[in-house]
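> In this text, residue positions in the sequence shown follow this note's numbering: the first is 40, and each later residue adds one.
Beta carbons: idealized from backbone N, C-alpha and C, even for Gly.
Got a structure for you, written out below as structure tokens; questions coming shortly.
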Amino acid sequence: MIKNSINVFLTVLLIIVGCASVKTNVKFYNPVLKDLQVEKYAAAVKKIDKARASDKYTKKDRVLFYLDKGIVQYYKGDYALSNEDLHKAENYMEELFTKSISKAALSYLLNDNALDYYGEVYENIYVNVFKALNYANLDQFDDAYVEINRVNDKLRELDVKYGQMIESL
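Written as structure tokens, this is what we have:
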């Protein structure tokens, strides 16, 4: 009986320690959000870069880093730089989405923070929306049109993927 209690205690302790080790720190966002509220976009970009340099954005958060920086650069008016970072975010989303199932199993044991963040469905779509807006602001309308077509393609894929599930509900 005591041996089973010790095993249960050790298992629970292992899970708690494991979960704590993959906790996401988000306090560094507060100064960035304050800058965004008062439209100090250059300062926000610097704080995002500083957060990455001090490992607030870990390797598993690289999609978030490029999304955050790309969107802030859009509002700052740095459309070409915004597209560069949003392009990196989109590439990482595609790469990380196809990662191994073993990491997915680990996330069920601990939590989702054990996985590299590959973005939500809406983030994958709005990357192309913002890239289209960037290209339009750069008077590159053919490129903007390509991005809008990519949005349509992604929406069609989602319709096929989730359409049957929605109909059954």
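Compute the beta-carbon to beta-carbon distance between residue 111 and residue 128, rounded to the nearest angstrom, for a pair I have assumed lies under 8 Å.
On the sequence shown, residue 111 is found 72 positions in, with the first residue counted as 1. On the sequence shown, residue 128 is found 89 positions in, with the first residue counted as 1. With 8 Å as the limit, residue 111 and residue 128 do not qualify as a contact, their Cβ atoms being about 12 Å apart.
> Throw me the rounded Cβ distance for the residue 156 and residue 115 pair, which I believe falls under 8 Å.
Within the sequence shown, numbered from 1, the residue matching residue 156 stands at position 117. Within the sequence shown, numbered from 1, the residue matching residue 115 stands at position 76. That pair is no contact at about 24 Å.
> Among residues of its own chain, excluding the 5 on either side of residue 174, which ones have a beta-carbon nearer than 6 Å to its beta-carbon?
Taking the first residue of the sequence shown as 1, we reach residue 174 at position 135. Answer for residue 174: 182, 183, listed in chain order.
> Ignore the nearest five residues each way along the sequence and tell me which others in residue 75's own chain have a CB closer than 6 Å to its CB.
Within the sequence shown, numbered from 1, the residue matching residue 75 stands at position 36. Answer for residue 75: 83, listed in chain order.
> May I have the straight-line CA-CA distance separating residue 195 from residue 189, to the nearest angstrom?
As a first step, residue 195 is located in the sequence shown; it is residue number 156 there, counting from the start. As a first step, residue 189 is located in the sequence shown; it is residue number 150 there, counting from the start. Cα to Cα, the separation comes out at about 10 Å.
> So, residue 170 versus residue 159, is the Cβ gap smaller than 7 Å?
As a working note, residue 170 is residue 131 in the sequence shown. As a working note, residue 159 is residue 120 in the sequence shown. It is not a contact, given that the beta carbons lie outside the stated cut-off.
> For a minimum of 4 consecutive residues, which ranges assigned as the alpha helix (DSSP H) are wholly contained in the stretch 85-121?
Qualifying alpha helix (DSSP H) stretches, in chain order: 101-115.
> In the DSSP assignment, find the alpha helix (DSSP H) that holds residue 172 and state where it starts and stops.
Here the question's residue 172 lines up with position 133 in the sequence shown. Segment 160-176, the alpha helix (DSSP H) holding residue 172.
> Could you give the DSSP three-state label for residue 131: helix, strand or coil?
Looking up residue 131 in the sequence shown gives position 92. Helix at residue 131.
> Would you identify the three-state DSSP class for residue 61, choosing helix, strand or coil?
On the sequence shown, position 22 is the one that residue 61 refers to. Confidence in residue 61 is poor, its pLDDT being 45 and thus under 50, which makes the residue's placement too unreliable to answer from.
> Per DSSP, what kind of secondary structure is residue 179 in: helix, strand or coil?
For the purposes of this step, residue 179 is taken as residue 140 along the sequence shown, with counting starting at 1. Residue state, collapsed to three classes: coil.
> In this structure, does DSSP put residue 66 in helix, strand or coil?
Taking the first residue of the sequence shown as position 1, residue 66 is located at position 27. The answer is coil: DSSP assigns residue 66 none of H, G, I, E or B.
> Could you tell me if residue 71 is buried or exposed, where buried requires 16 or more neighbouring beta carbons within 10 angstroms of its beta carbon?
As a working mapping, residue 71 is identified with position 32 in the sequence shown. Buried, since its Cβ has 16 or more Cβ neighbours within 10 Å.
> When the distance is taken between beta carbons, is residue 200 closer than 7 Å to residue 209?
With the chain covering 40 to 208 only, the question about residue 209 has no answer from this structure.
> Relative to the alpha-carbon of residue 122, which residue among 133, 105, 136 has its alpha-carbon at the smallest distance?
By one-based count along the sequence shown, residue 122 stands at place 83. The shortest C-alpha separation from residue 122 is found at 105.
> Cα separation between residue 117 and residue 207?
Position 78 of the sequence shown, counted from the start, is the residue given in the question as residue 117. Position 168 of the sequence shown, counted from the start, is the residue given in the question as residue 207. Approximately 45 Å, taken between the alpha carbons.
> Label residue 94 either buried or exposed according to how many other C-beta atoms from any shown protein chain fall within 10 Å of its C-beta, with 16 as the threshold for buried.
If you number the sequence shown from 1, residue 94 lands on position 55. Counting Cβ neighbours within 10 Å, residue 94 comes out exposed, since fewer than 16 surround it.
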